[in-house]
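These notes are about the structure you will find just below.
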Amino acid sequence: RGIKKAYLKLKKISTERFYSVDIICHGTPNFKLLDDHLLYIEKRKHKRVGKMHFREPKNAYYLTCYDIAGKVIWKKTMHANDEYFRAFAVNLDFRDNCYTCRYAREERISDMTIGDYSGLGVNIPYPWDNSQISLILCNTDKGIEIFEKVSPTIEFHERPIYESMIAEGNPQLRHPSIPYSTRDVFLKNYPTDGFEKSVRKALKPLFMQYYKQVPWIATRHIMVKMIPKQIKTIIKNKLKR
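The sequence shown stops at residue 256 when you use my numbering, and every number in between is there.
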């Protein structure tokens, strides 16, 4: 915001109608990692990915891919062996500067901050459905002005500012994302092993612990691995009929 305002001032352009909005950003992986993952899915499913959604509204917390015809070919959570979701959820593969971001802090640089309302109702009761609720923080007089203009068109509830600030799911309102402890393993193996294998190596201890806590998922995973490919094909063909 500061750089943009300085640029506009340099160009002698009025900032009277200039409004800035920032988002609560957890971090951003390099796009190449997503490309690698989509290529892996295409090879697994033998179909081109025409569209993908990361936490789309009707499939919250799923990474969902559709083929060119619009049919779902991939729909998995981080606990269903989707390496991209796994890596993102634990801060494994963000860009380096995400871990030292100067804007992930309580003092916001924009007129308004928007994001997911993590922690809604945890400290102070919220009697309604708290899923898929957005957070809006008005940081300046201009932010309040924007909100007052749109407020007649939305349903909103005023909440204490500290509720969102201390929420477990929004630490970026206090500090940048903290890299996962085995990020160095991921970075070391990625050039030779590629995205999928390097994520599995880096996060193996985490998911071994998860499988111990939820043994039926581990059992299902092992059984699927043990079934011969020919049998899997026969089962899939029968299910399609």
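Beta carbons: idealized from backbone N, C-alpha and C, even for Gly.
Contact check, residue i vs residue j, beta carbons under 8 Å
{"i": "D126", "j": "S29", "result": "no"}
{"i": "V137", "j": "A104", "result": "no"}
{"i": "F100", "j": "S192", "result": "no"}
{"i": "V214", "j": "A102", "result": "yes"}
{"i": "D82", "j": "G65", "result": "yes"}
Buried/exposed call for residue i, threshold 16 Cβ in 10 Å
{"i": "N112", "result": "exposed"}
{"i": "Q187", "result": "buried"}
{"i": "H52", "result": "buried"}
{"i": "Y205", "result": "buried"}
{"i": "V165", "result": "exposed"}
{"i": "V87", "result": "exposed"}
{"i": "H41", "result": "buried"}
{"i": "S146", "result": "exposed"}
{"i": "I56", "result": "buried"}
{"i": "L152", "result": "buried"}
{"i": "I39", "result": "buried"}
{"i": "M223", "result": "exposed"}
Range of the contiguous alpha helix (DSSP H) that encloses residue i
{"i": "H52", "result": "F46 to K60"}
{"i": "Y118", "result": "Run containing Y118: none; DSSP gives neither H nor E here."}
{"i": "R101", "result": "E98 to A104"}
Limits of the unbroken beta strand (DSSP E) element including residue i
{"i": "S9", "result": "In the structure as shown, the chain starts at 16 and stops at 256, and residue 9 therefore has no counterpart that could be examined."}
{"i": "F69", "result": "V64 to F69"}
{"i": "Y81", "result": "L78 to D82"}
{"i": "K91", "result": "V87 to K91"}
{"i": "D111", "result": "Segment: none, D111 is in no beta strand (DSSP E) and carries neither H nor E."}
{"i": "I38", "result": "V36 to I38"}
Check: residue i C-beta below 7 Å from any heavy atom of the ligand ADP
{"i": "G158", "result": "Questions concerning the ligand ADP fall outside what the structure shown contains, since it holds no ligand whatsoever."}
Would you list, in sequence order, the uninterrupted alpha helix (DSSP H) runs of no fewer than 4 residues that lie entirely inside the stretch 120-168?
156-165
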